[in-house]
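*Asks:*
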Amino acid sequence: MYDLLFSPMKIGNVEIKNRIVMTAAEFSLGEPSGKVTPRLSDYYEERAKGGVGLIIPGICRVNDMAGAATYTQLAMSHDYHIEPMREMVNKLHSLI
Numbered sequence: 001m002y003d004l005l006f007s008p009m010k011i012g013n014v015e016i017k018n019r020i021v022m023t024a025a026e027f028s029l030g031e032p033s034g035k036v037t038p039r040l041s042d043y044y045e046e047r048a049k050g051g052v053g054l055i056i057p058g059i060c061r062v063n064d065m066a067g068a069a070t071y072t073q074l075a076m077s078h079d080y081h082i083e084p085m086r087e088m089v090n091k092l093h094s095l096i
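Position 85, counted from 1, in the sequence shown is what this note's numbering calls 85; the numbers after and before it change by one each time, with no gaps.
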């Protein structure tokens, strides 16, 4: 009955292991500076371990002056945001 749900799919050149998708949501688990926290990384990691094939992260501001919707929303507005985000994404890619 759910064979298609658990079958791989392609998005462009990327193969996703199944069709279980975690859609974007804001969890307010980032730092006030917009950096990824261990708690947020752990949250996404548990979903990846649980079998999600594709994780679409929540909102991420690119402008600190007008882009923040929540106090602890993720950001990519400064270079210091890059490495923590890269570490989280690399960890998730190793699990998915």
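Cβ atoms here follow ideal geometry from the backbone N, Cα and C, with glycine treated the same way.
1. Give the C-beta separation of M88 and S28 to the nearest angstrom, bearing in mind that I take them to be a contact with Cβ-Cβ under 8 Å.
2. Mind checking which residues open and close the beta strand (DSSP E) that includes E15?
3. Between the stretch 9-24 and the stretch 61-72, are three or more C-beta pairs nearer than 8 Å?
4. Note down the Cα distance separating Y43 from S33, rounded to an integer number of angstroms.
5. Spell out the partners DSSP gives M22 in its beta bridges.
6. Is the Cβ-Cβ distance between P84 and K35 less than 9 Å?
7. Can you pull the DSSP bridge partners for K10?
*Replies:* Answer, in terms of the structure:
1. In this structure M88 is not in contact with S28, their Cβ atoms being roughly 16 Å apart against a cut-off of 8 Å.
2. V14 to I16
3. no
4. 19 Å
5. I55
6. Against a cut-off of 9 Å, the Cβ pair of K35 and P84 comes out as a contact.
7. Bridge partners of K10: E15.
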